[in-house]
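As you go down the protein sequences, you meet chains Y and C in turn.
Heads up: the first sequence begins at 15 in the working numbering, then just goes up one per residue.
Heads up: the second sequence begins at 15 in the working numbering, then just goes up one per residue.
Since the structure comes first, as structure tokens, the remarks are kept for the end.
Number of protein chains: 2
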Amino acid sequence: MTEPLRLGIAGLGTVGVGVIRIIARHTEMLAARAGRPIEIVAVSARSRSKDRGVDLTPYGWEDDPVALARRDDVDVYVELMGGEDGPAKASVEAAIGAGKHVVTANKAMLAIHGQKMAEAAEAANVALRFEAAVAGGIPVIKALTEGLAGNRITRVMGVMNGTCNYILTRMENEGVPYDEVFAEAQALGYLEADPTLDVGGIDAGHKLALLSAIAFGTRVDFAGVDLEGIERISITDIEQARDMGFRIKLLGVAQLTGRGLEQRMQPCLVPASSPLGQLENAMNMVVLEGDAVGQIVLRGAGAGEGPTASAVMSDVIDIARGFRLSTFGQPASSLAYVQAAQASAPAAFYLRLTLKDAPGVLAKVARALADAGVSIDRMRQYSHKDTAAPVLMVTHKTTRAELDHALEGIKATGVSLEDPVAIRIEEV
Amino acid sequence: MTEPLRLGIAGLGTVGVGVIRIIARHTEMLAARAGRPIEIVAVSARSRSKDRGVDLTPYGWEDDPVALARRDDVDVYVELMGGEDGPAKASVEAAIGAGKHVVTANKAMLAIHGQKMAEAAEAANVALRFEAAVAGGIPVIKALTEGLAGNRITRVMGVMNGTCNYILTRMENEGVPYDEVFAEAQALGYLEADPTLDVGGIDAGHKLALLSAIAFGTRVDFAGVDLEGIERISITDIEQARDMGFRIKLLGVAQLTGRGLEQRMQPCLVPASSPLGQLENAMNMVVLEGDAVGQIVLRGAGAGEGPTASAVMSDVIDIARGFRLSTFGQPASSLAYVQAAQASAPAAFYLRLTLKDAPGVLAKVARALADAGVSIDRMRQYSHKDTAAPVLMVTHKTTRAELDHALEGIKATGVSLEDPVAIRIEEV
């Protein structure tokens, strides 16, 4: 095992540069830990001439990532370009086809094509690893597939999009409305080119789908994730939550029940005193619950050069050490098809209604709720100047189906001026 | 790899029974994840007839753990008896000598004999693993040796003795004095037979010494841990800390600096709003800081049947999967001898002095502090009825050496009626 492990890196954005820096800085330390040297033999990116602050002259260059993936002198193809299809997918498939190990940070690609890619990798007897795809520097894939491998996992939860948590934290701490913080985050380059990937919960949903597959031994089912973004969260919601001892988080929750696989990525109210409630700014947190271990909480930076490159290196070092683990912790062919299920456990919900200001309106809403079997724990109507009356409620525990029924009923009364905002109160 | 992995388990206390339960409950799941069945072939304990709530009839029995360790049909010897010498050490050495892999939860044994045992295991080409020895169910050894293997680790911190944290939390939340909570914890069986292992910080110190070795690639040096227990923490200290926005924790901190390896396991003041400050009851928390990943926080149960057995199973499954990793993450022979160093970074300290109630006393104390170069940030003297005046102070940042010098000076004045209590304010 003293032969070097030779890497080809495609994608020289923040993470790719971070990986180059770690390998250049820690050559000896890495060799001591991995039992063999780790070398970069060649790289690929859109522009060869762009100044990235690292010296690329020691490495070979390929314009085409597919060519890089197939190079004879590459043992591990490191895909850091992103994008669910296109060059990322083509090059990863080429690498597997050429018998190369693959390390990737590409959650979108794996959330869609992960099952097929894992099967191909296992058939080719190569590793396909993706620690960097979920929760940045937090070694959560390793914790689930290895650290907690003796547990039946009962629930996985996580705040896994740092940008959303940053936006919500700023709204809460500084009282800045959503639109303003959003514009700010965009100006600072915190948001993806398509911002709905972040604020629409899609990016975090990809991550949750990957964690679910590992946690429950099921096929990756991104389409089965009940997705809701943070776009409709208002300062009023945040303040009201705080007054009740809660904070609003874009929280992913996955559970396997008798009815199927529940996967939700939605704004939730969580107790302000809980670890999830206390998570500020762009930090990520994953909560893993197992039948033996109880609850394990992992917290760290979810993005950025160093943290994500650290996760890439974890996979690379595992491969250098000769560890061979199925992509999702057990053979891809053994992952179960399980149908998607809506959240079945009853929960209390926070509701924000915008109602016509007219006599009898509240009675109609109360009737619609009662008809659906939803009872109200507390209610508050703010004084207001215009013809739209904001009404805030917290329900007693109810199922999502009953609540949706109630919301339909409210809509049917014709007294609701905007779609109601409904946020689950999660027991964490 | 479809041959079963055959275990011999020595020690059928809480953890041993937990391992038996997991293997019995999850036979198929474990085989799917590990790629081969995991079986218990024989067990050993002090009493064969004791009712432990699990059926031992499927397994062979050995009165002597050394005989169990050497059995031909055992692939992995699981040592869960504890004790730094005696049967634990003898049987682990026998297992390694017989070419068996070893999984142990024995922090005391490894903190003292870990280097030799790791060398022996590596020479015999067998695994010696100890995830369960540190922080119970938290997969911290794996996070350090594998998840963060691409990082130079800059600092490791942890609350790793649940009993101490339970005692401190009860003192804080309910105002119960130390002696009372201690007696209670003893009655509940929370304390080791020799309680100084817990409240004296020894058990947590063992764990810190193991983490340091992995984090910094140094030889385990338990003797180099600056150890201080929680026995002298009073309700006054806890209340005073709270008033200043801090909480008192038995905190381990390890750092490798130009002066050597700093390892401290001492009561510290940490900000009440920090993850460490918020850790309640018997929970454990480990904070890992790396040059690429930044800060990773891991939280979970530090003891108990399920959590500790979960950690044992993580090691067992790694071995079943064929992962072979040096005990401390790199070859034992490559671990560096580094001298122990006292904490060099200046810190503010909280001081509780018990002084004679007489004119000029405070002047003498102030002089002793000034002579040592220690300046006072704030001070408080409580009204009191007897002749002993309690005085609380917080110093400006100073080194431990300067502080010790000041404390010697105060002692020399003859006005101090009790040894001062000095607690470092840690920047976490």
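Here a beta-carbon is modelled for each residue, glycine too, at the ideal position from N, C-alpha and C.
Contact check for Y:R414 against Y:A357 passes: the beta carbons are separated by less than 7 Å. Contact between the region 168-184 of chain C and the region 288-305 of chain C is present: 3 or more CB-CB pairs across the two stretches fall below 8 Å. A distance below 6 Å between beta-carbons, with the five flanking residues on each side excluded, links C:D240 to the following residues of its chain, in chain order: R278. Look at C:I252: its C-beta is not under 7 Å from any C-beta on chain Y. Among the residues of the region 290-305 of chain C, those with a Cβ less than 8 Å away from any Cβ of chain Y are Q292, G304 and D305, in the order of the chain. In chain order, K156, E160 and G161 make up the part of chain Y whose C-beta sits under 7 Å from the C-beta of C:K156. In the three-state reduction of the DSSP assignment, Y:A207 falls in the coil class.
Listed along the chain, the chain C residues whose CB falls inside 9 Å of the CB of Y:M95 amount to none; the nearest CB is some 20 Å away. Counting only runs of 4+ residues, the alpha helix (DSSP H) found wholly inside the region 17-63 of chain Y occupies 28-39 and 41-48, in chain order. Using a 10 angstroms sphere on the CB of Y:N139, the tally of other CB atoms stays under 16, which defines it as exposed.
For Y:T271, no alpha helix (DSSP H) segment is defined; the enclosing uninterrupted segment is the beta strand (DSSP E) at F260 to T271. Residues of chain Y whose Cβ lies closer than 7 Å to the Cβ of C:D332 are, in chain order, E160. CA-to-CA, the gap between C:M174 and Y:V330 works out to about 30 Å. Chain-ordered, the chain C residues with CB closer than 7 Å to the CB of Y:N165 read S324.
From the listed residues Y:V375, Y:F230, Y:F196 and Y:A46, the smallest Cα separation to Y:Q395 is found for Y:V375.
Listed in chain order, the alpha helix (DSSP H) elements of length 4 or more contained wholly in the region 306-352 of chain Y are 319-334. Judged by beta-carbon spacing, C:M171 lies within the 7 Å limit of C:V301, meaning their Cβ atoms are closer than that value. Between the region 156-168 of chain C and the region 138-156 of chain Y, the count of Cβ pairs shorter than 8 Å is three or higher; the stretches touch. Against chain Y, a Cβ distance below 9 Å from C:A315 picks out V307, G308, Q309 and I310. For the C-beta of C:Q344, the chain Y residues within less than 7 Å are, from N- to C-terminus, A46 and R47. Listed as beta-bridge partners of C:I437 by DSSP are C:Y364. Contacts with chain C at 7 Å (Cβ-Cβ) include Y:F337.
For C:S328, the neighbours in chain Y by C-beta distance under 8 Å run, in chain order, E160, G161, L162, A163 and G164. When the Cα atoms are used, C:C282 and Y:I126 turn out to be separated by approximately 48 Å. Using a Cβ distance threshold of 7 Å, C:A361 and C:I262 do not count as a contacting pair. Among the residues of the region 23-43 of chain Y, those with a Cβ less than 9 Å away from any Cβ of chain C are G32, V33, R35, I36, I37, R39, H40 and M43, in the order of the chain. For C:M279, the uninterrupted beta strand (DSSP E) segment begins and ends at G274 to P285. Taking a Cβ-Cβ cut-off of 8 Å, the neighbours of Y:P321 in chain C comprise A306, V307 and G308, given in sequence order. Here the C-alpha atom of C:A323 lies approximately 19 Å from the C-alpha atom of Y:R169. Remark: C-beta atoms of Y:A24 and Y:P72 do not approach each other more closely than 7 Å. Of C:F236, C:E98 and C:D69, the smallest CA-CA separation from C:Y351 is found for C:F236. Contacts with chain C at 7 Å (Cβ-Cβ) do not include Y:P51.
Per DSSP, the unbroken beta strand (DSSP E) holding C:P404 starts and ends at A402 to T409.
The distance from the Cβ of Y:A45 to that of Y:I52 is about 7 Å, consistent with a contact at the 8 Å cut-off. Two segments are said to touch when three or more pairs of C-beta atoms, one from each, lie closer than 8 Å; by this definition the region 262-272 of chain C does not touch the region 256-271 of chain Y. In the DSSP annotation of this structure, the continuous segment of the alpha helix (DSSP H) that includes C:V106 starts and ends at G100 to G111.
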